[in-house]
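*Asks:* Protein chains in written order, with our numbering: chain A, 126 to 447; chain B, 144 to 583; chain C, 36 to 340.
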Amino acid sequence: MNMEKLIISPAPHIHGGDSVSKNMTGVIIALVPALLVGLYFFGLGALIVTLTAVVSCVAFEYIIQRYILKTETSILDGSAALTGLLLAMNLPSNLPLWIIIIGSLVAIGIGKMTYGGLGNNPFNPALVGRVFLLISFPVQMTSWPLPVPMNGSYLDAETGATALAMMKSHFGDLPSTLDLFLGKMGGSIGEVSALALLAGLIYLLAKKIISWHIPVSILVTVFIFTGILNLVNPELYASPVLHLLSGGLMLGAIFMATDYVTSPMNPRGMLVYGVGIGLITVVIRVFGAYPEGVSFAILIMNAFTPLINTYIKPKRFGEKAK
Amino acid sequence: MGGIHPKENKFSAGKKIIVAELPKQVVIPLSHYIGTPSEAVVKKGDLVKAGQLIGKANGFISANVHASVSGKVSKVDVQLDATGYRRPAVFIDVEGDEWLEGIDCCSELIRECTLSTEEIKKRIQDAGIVGLGGATFPAHVKLSPPPGKKADCLIINAVECESYLTNDHALMLEKGEEIMVGIGITMKVLDVKKAYIGIENNKPDAIDHLGKLAKNYPGVEIVPLKVRYPQGGEKQLIDAIIRRQVPSGRIPIEVGAVVQNVGTIFAIYEAVQKNKPMVERVITVTGKSAPNPGNYWVRVGTMLAEVAEVSGGVPADTGKIVGGGPMMGRSFMTLDIPTAKGSAGILYIKREEALRKPIKNCIRCTKCVTVCPMGLEPFLLMNQSERNMWPEMEANRTMDCIECGSCSYTCPSNRPLLDYIRFGKTTVGGIIRNRVTVKK
Amino acid sequence: MPRLYSFFCPFLINIKMNIIVIALITLGVIAAVSAVILFFVAKKFHVFEDPRIDEVEEALPAANCGGCGFPGCRGFANACVSADSLEKLNCPVGGNETMKKVADILGKVAVETAPTVAVVRCGGTCDHRPRTSDYDGVKHCFIAHNLYSGESGCSYGCLGLGDCEVSCEFDAIHINPVSKLPEVDEEKCTSCGACVKACPKLLIELRKKGPKSRRIYVSCRNEERGPIAKKNCEVSCIACGKCEKVCPHEAITISNNLAFIHDDKCKLCRKCVEVCPTNAIVELNFPPRKVKMEEPLTPKVELVS
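1) I'd like to check one pair, B/Val212 with B/Leu196: are the Cβ atoms closer than 9 Å?
2) Does chain C have any CB closer than 9 Å to the CB of B/Val170?
3) So B/Tyr124 contacts chain C; which residues on that side make the cut at Cβ distance below 7 Å?
4) Return yes when the Cβ of B/Gly194 is within less than 9 Å of the Cβ of B/His175, no when it is not.
5) Any C-beta of chain A sitting closer than 9 Å to the C-beta of B/Cys508?
6) Should A/Met275 be labelled buried (16 or more other beta-carbon atoms within 10 Å of its own) or exposed?
7) Would you say the beta carbon of B/Lys199 comes nearer than 8 Å to a heavy atom of the ligand FMN?
8) In chain A, which residues lie with their C-beta within 8 Å of the C-beta of C/Thr167?
9) Note down the Cα distance separating B/Ile384 from B/Tyr339, rounded to an integer number of angstroms.
10) Is there contact between the region 232-243 of chain A and the region 275-288 of chain A, where contact requires at least three CB pairs shorter than 8 Å?
11) Which term fits B/Pro501, buried or exposed, when burial requires 16 or more other beta carbons within 10 angstroms of its beta carbon?
12) Starting from the beta carbon of C/Asp171, find every residue of chain B whose beta carbon is closer than 7 Å, and list them in chain order.
13) If you follow the beta strand (DSSP E) that B/Gln222 is part of, which residue opens it and which one closes it?
14) Considering only residues of the same chain and omitting the five flanking positions on each side of B/Arg558, which have a CB-CB separation below 8 Å?
15) Any idea if B/Cys249 is buried or exposed, counting beta-carbon neighbours within 10 angstroms, 16 or more meaning buried?
16) Could you compute how far the alpha carbon of A/Leu308 sits from the alpha carbon of A/Pro250?
17) Of all the CB atoms in chain B, is at least one closer than 9 Å to the CB of C/Asn181?
18) Please compile the residues from chain B whose C-beta is within a distance smaller than 7 Å of the C-beta of C/Ile273.
19) Does C/Thr151 pass the burial test, meaning 16 or more other C-beta atoms within 10 Å, or should it be called exposed?
20) Mind checking C/Leu62: buried by the 16 CB within 10 Å criterion, or exposed?
21) 9 Å is my cut-off, CB to CB: does A/Pro135 come that close to chain C?
22) Roughly how many angstroms lie between the CA atoms of C/Pro312 and C/Ala274, to the nearest whole one?
23) Using a Cβ distance threshold of 8 Å, determine whether the region 477-497 of chain B contacts the region 155-173 of chain A, with at least three qualifying pairs required.
24) If you compare alpha carbons, which of A/Asn434, A/Leu326, A/Leu271 is closest to A/Leu299?
25) If you count every other CB in all the chains shown that lies within 10 Å of the CB of B/Ile147, and 16 or more means buried, which is it?
26) Would you kindly work out how many angstroms separate the C-alpha atoms of A/Ala171 and A/Leu326, rounded to a whole number?
27) With C-beta atoms as the reference, is C/Arg281 less than 9 Å away from C/Glu309?
28) What do you reckon, are the CB atoms on B/Leu356 and A/Pro439 nearer than 9 Å?
29) Closest Cβ-Cβ distance between C/Glu259 and chain B: below 9 Å?
30) Which residue's Cα is closest to the Cα of A/Gly373: A/Asn148, A/Met310, A/Ser388?
31) DSSP state of A/Phe306, grouped into three classes?
32) Between A/Val397 and the rest of its own chain, which residues show a CB-CB distance below 7 Å, the 5 nearest in sequence each way excluded?
33) Is A/Met275 helix, strand or coil when you go by DSSP?
34) Could you compute how far the alpha carbon of B/Gly291 sits from the alpha carbon of B/Gln268?
35) Mind pulling the chain B residues with CB within less than 7 Å of A/Gln243?
36) Anyone know if the C-beta pair for A/Leu169 and A/Tyr328 falls short of 9 Å?
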């Protein structure tokens, strides 16, 4: 018998090896195609905005944890970096540095740390930051640069109306469907290319980081709702394909709504959540004052998540007993 | 629904079962994991033969205990068992290998069984057979359904979904015919026409072998199953084979099925056809650093340290020794404990892999809900257990948990989900029992 | 509507009514109507409560610990007021002082009870009780207890994981990191009983505090036979019977291989402490005795293992 004492613990004695940082890294990798497209179409500005957002989010999390809360720091688990990247994906590439930094402070400081850190926040931190900036700096946050491949402009980028803005005001030449799909349109850094975002979705599904329920239910709901509207009055209401490919819907459905902490915790609840987001998005887009409603829709449904978790339970074994 | 797929690591697969040589002393525990402990019917100084009754069952849910060797009883005293408590056991100094008269020790196959159902049940009960799937529930109780309930099929659990273990696999390859006869006997006792043998796809040789044998036994069907843990869980197996889900809080007989482990079936064959009580079993000794991973025939009562010696000794880098599989087995404090009827294996885990990683906050990733085979919410049950919210835990079906460990295995934050759920189950179980007695 | 307002408010003849005044008047009227409704509802659904319950609750320490057996201090106050006598009612936190106050308010007689304190009946420190395994599960006594007997060979001994410490609302019990046993702070302990319920091994007992806070108890709960108990812990009770024989007040009984000192009979003479061969009997807060005999730190009896 070996001399050292044996270790005793309750079963199970093996672990699958999954960790928080593996999941966060997986999502960051899934965002790489969208990031590359964004860098391609929005150039230097996109690079500056992304780096600033990521660095400031990580820095704020470190400072708050180390000096204010005086607990151990968790910046190595990748969640602050992911929040920074997602925030950047939602911002226009000509946003001044100081606004980005304020946005990061709100996202991490208010959206995440005040609730107790990772796992405790009810609202998606990147969206909290983004919506705060949208309401506080409406002019800077709604002047969207036009896609100019490999350009070196930052604050002086040429801006123009996005596809959604054109749909709202019924004015302007919409980009072709192919352009919308590939990403040759105005918008935030990460939202333009449906193709790149779908590639990210396939990666996330393959690595079992998220399940299909939320993205599919959001996109299907939007498609059906806008399809009905389009059938009723094609002049007034844009086609469902146009709705799916424009604005931040793809980005929101695949990366923002599927945030672990703020989404429901069983498949049935996720479908209800997705349908809710889809409905609210279309209502805001079509009947509301803003051209884009995904951020607000997701935040509103985040508030409903605890209710969904309480009343919608997963399918139990033995539920449909003979 | 749910489930995980850990690495199979079946290092000892395909190895012939080695008969471990007789030890110098055996210590046979009188208590079983489920049921009332039996009472000793021998005392110090008695000479016993292998197969002789040494402990009489005490009550309906209890089992007889027999001597696994011949020799002299040196004392009836307390012995440390796997849980760290000392329980009554019979110590026998081994002398020779003489079996009790009436027990057929030769390995010739006996196909015919002319005994009546009652006689068969009596032999099973007398032989002290308990379920070898891990729970060690007395077999005669399971084979006597409560009045008003009738089984319509027998399901044989040959899944062996735990990583590393191969004792059922080896038994099927070497004793396939005997198992078939045992199935026939069990079908007769339960009065059913159909029996299913569930085997996971990672054992194609066993599926082939039993498939060929089953041709001669009408009513017996081999069902290959997807490799997924916990496929071998009773409820999961019934669902996979006959598509019936046992409702919450109920037992399999309520959906007309009786599940028996393939090792128990072999023991039933030996008890009914050879009059041989349950005194030995196959144990897998395995692990990444095990010197000779393999399967061994071991007599009940042999100290596990001796079994380890026979297989090459305990590796130097061992940090944890687990009795059974890595998902549901029990970690041992020492190997100076006897083999019990339910011991299925000895697994060596290296020190660097044995310690748990630090616990982080729940990130609400839903992975534990996705893998739970019973459709529960482990993250919620753990939160409620930490806050002692017992009525809420009961409402969230904590008593349905089969303690498979898939949730703790999957959690990216290394949260000890199953530990807290078990704590909740114990407390809520106590509350429920008190409620029932108060009602009475 | 504007005409109605101008009828009632002649100073607002201007057709373009002042919205603020309208708002103020509307809210004021709603407030007045609600106040009247609430007044009548409060009168109709008023629950009569004995005013003495409030008085008694004032006198209680407001710890809401449940040590009295009632749900919170208000529950206890309720019980005191509705009970015929205060015999079975005792607030362990406030003690005799508080019960006297309660008795004065209610005009009943308070029964003096001897103050009690929590006592941990295990002496198995790391020195005396060698550890045989390394527990790596959740640091929770009940969870460890469900799993196995503990990190040492004694299956009755303290697990040292701190359920008692967590359960105490008065910060009176802490696990000593060196000995891994809980230690009770007498000043803070209110005898509420939370730690007694929290311990899965039933090691904590509420015993009489004793004059000058002195008490004697057997610091062991091991019910296994002597040789086995001694093998696993040096200071275990081996039920040798010496204490029972030497006690002049018949305060010690031995059952299930364990000695127990009944604190209603114990007169604190300390004879049992001197004769105990394993030092399982502990005396607290006594002055050091005159050194006549050899120091009772080494066991006097060699046992065959």
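Cβ atoms here follow ideal geometry from the backbone N, Cα and C, with glycine treated the same way. Since the model is a prediction, treat every value here as computed from it, not as a measurement.
*Replies:* The structure says:
1) No.
2) No, B/Val170 does not count as interfacial toward chain C.
3) Outside the displayed range of chain B (144 to 583) lies residue 124 of chain B, so it cannot be described from this structure.
4) Cβ atoms of B/His175 and B/Gly194: not closer than 9 Å.
5) Closer than 9 Å to the CB of B/Cys508 there is at least one CB belonging to chain A.
6) The residue in question, A/Met275, is exposed, as its Cβ has fewer than 16 Cβ neighbours within 10 Å.
7) As presented, the structure is devoid of all ligands, the ligand FMN included, so that no description of it is given.
8) Close partners of C/Thr167 in chain A (Cβ separation under 8 Å): Lys130.
9) Our two residues, B/Ile384 and B/Tyr339, have alpha carbons roughly 8 Å apart in a direct line.
10) Contact between the region 232-243 of chain A and the region 275-288 of chain A is not established, with fewer than three Cβ pairs separated by less than 8 Å.
11) By the 10 Å Cβ count, B/Pro501 comes out exposed.
12) When 7 Å is used as the limit between beta carbons, C/Asp171 is near these residues of chain B: Leu498, Arg499, in chain order.
13) Start and end: 214-223.
14) Only Ile502, Lys503, Cys505, Phe522, Met525, Ser551 meet the Cβ criterion.
15) B/Cys249 sits exposed, since fewer than 16 C-beta atoms from the chains shown fall within 10 Å of its C-beta.
16) Sequence check: residue 308 of chain A is Gly here, not Leu. Approximately 26 Å between the Cα atoms of the pair.
17) C/Asn181 counts as touching chain B.
18) Per Cβ cutoff of 7 Å: no residues; C/Ile273 is ~16 Å from chain B at best.
19) By the neighbour-count rule (16 or more Cβ atoms within 10 Å), C/Thr151 is buried.
20) So C/Leu62 ends up on the exposed side.
21) Closer than 9 Å to the CB of A/Pro135 there is at least one CB belonging to chain C.
22) Computed Cα separation, rounded: 10 Å.
23) The way I'd put it, the region 477-497 of chain B doesn't touch the region 155-173 of chain A; fewer than three beta-carbon pairs between them come closer than 8 Å.
24) Looking from the CA of A/Leu299, the closest CA among A/Asn434, A/Leu326, A/Leu271 belongs to A/Leu271.
25) B/Ile147 is buried by the Cβ-count criterion.
26) For A/Ala171 and A/Leu326, the distance between alpha carbons rounds to 22 Å.
27) Here residue 281 of chain C turns out to be Val, not Arg, going by the sequence shown. Taking a C-beta distance under 9 Å as the contact criterion, C/Val281 and C/Glu309 qualify as a contact pair.
28) Contact flag unset, no.
29) Cβ-Cβ to chain B under 9 Å: yes for C/Glu259.
30) Considering only alpha carbons, the answer is A/Met310.
31) Residue state, collapsed to three classes: helix.
32) Taking C-beta separations shorter than 7 Å and ignoring five residues to either side along the sequence, the partners of A/Val397 in its chain run Ile433, Ile437, following chain order.
33) Under the three-state reduction of DSSP output, A/Met275 falls in the coil class, being neither helix nor strand.
34) The alpha-carbon atoms of B/Gly291 and B/Gln268 are separated by roughly 22 Å.
35) The sequence shown places Leu at residue 243 of chain A, not Gln. Under a criterion of Cβ atoms nearer than 7 Å, the residues of chain B adjacent to A/Leu243 are, in order, Asn504, Ile506.
36) No; because the gap between Cβ atoms is not below 9 Å, this pair is not in contact.
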